[in-house]
Amino acid sequence: MNPAKRHAIFERFRAANPEPRGELEFSNAFELLVAVILSAQA
Numbered sequence: 019m020n021p022a023k024r025h026a027i028f029e030r031f032r033a034a035n036p037e038p039r040g041e042l043e044f045s046n047a048f049e050l051l052v053a054v055i056l057s058a059q060a
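Here's what the structure looks like:
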């Protein structure tokens with residue numbers, strides 16, 4: 019895939035969802051790390 023196609027795809031993603039958010043809730047980097055580890059076990 020050439021850079022122009024890749025750029026066009028990401029522009030479409032950005033237009034469809036300008037502020038994406040994940041499902042994990044965290045207040046700091048440690049909580050994010052623990053949440054990722056625990057979610058990987060599920």
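Sequence positions in the sequence shown follow this note's numbering and run 19 to 60.
Cβ atoms here follow ideal geometry from the backbone N, Cα and C, with glycine treated the same way.
Report the CB separation of residue 42 from residue 53 in whole angstroms; it is logged as a contact under 8 Å.
A Cβ-Cβ separation of about 4 Å places residue 42 in contact with residue 53 under the 8 Å criterion.
How far does the alpha helix (DSSP H) with residue 29 in it extend, from its first residue to its last?
It spans 21-34 - the alpha helix (DSSP H) in which residue 29 sits, taken as one unbroken run.
Residue range of the unbroken alpha helix (DSSP H) whose run includes residue 42
That residue, residue 42, is in no alpha helix (DSSP H); it is neither H nor E in DSSP.
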